[in-house]
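**Q** Per the numbering used here, the very first residue in the sequence shown carries number 18; after that it's consecutive.
For each residue, glycine too, the CB sits at the ideal point set by N, CA and C.
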Amino acid sequence: MFERYNMTDNKLFVLYMIYRFHLPLEREELIQTALKEGWMNYFDLQQSLVELSEQGLIGTENLVQLTDQGMEVLNYFYTRVLFSKREMVGRYVEMNRAKLVTQSQALAELTEGPLGVTAKLTMRDGEVTLLQLTMEELTMDKARRMADRWKSAPLEVYHELIQVLAGG
């Protein structure tokens, strides 16, 4: 299932995955996909993400995406990513493009603070933020339910919200 590679190869593969998705992804979505598809084990993936972020090769504030420096590194060392691994990721992206685009449109970020959980729900169209809704002082259970609903039916929730706010 998982093959062990040295840390440099793992980090290059993570850079390639992020590049190949062509979309900023939530960190958790990237991790779940890589684990589900058997591309890397959890610990190597987490370590790679942390080190790539610390080295400034990926940005991970809200979404995991390549920085310009990360793209330079990937361009320079592209051939070190095994062809078979590039093919696996390419097939996955082609088969799941619609799902990936929908996921990139509806983002949910949950953070715990002293007053409870804050849910930040965002609707994007490419680089344009259409709507950003932040709710504070929630329970974790309620925040997760809201995030799940937001991500499972983003357009429906967005249109319902717009309709309510517009008074119609």
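1) Check the C-beta distance from L124 over to T139 and give it rounded, since I have them as a contact under 8 Å.
2) So for Q63, helix, strand or coil by DSSP?
3) Exposed or buried, which one is I35 when buried takes at least 16 other CB atoms within 10 Å?
4) Use the C-beta contact count for P171: other C-beta atoms within 10 angstroms, 16 or more gives buried, fewer gives exposed.
5) May I ask you to report which of helix, strand or coil DSSP gives Q180?
6) How big is the Cα-Cα spacing for E71 and Q180?
**A** So, from the listed chains and residues:
1) 4 Å
2) helix
3) buried
4) buried
5) helix
6) 43 Å
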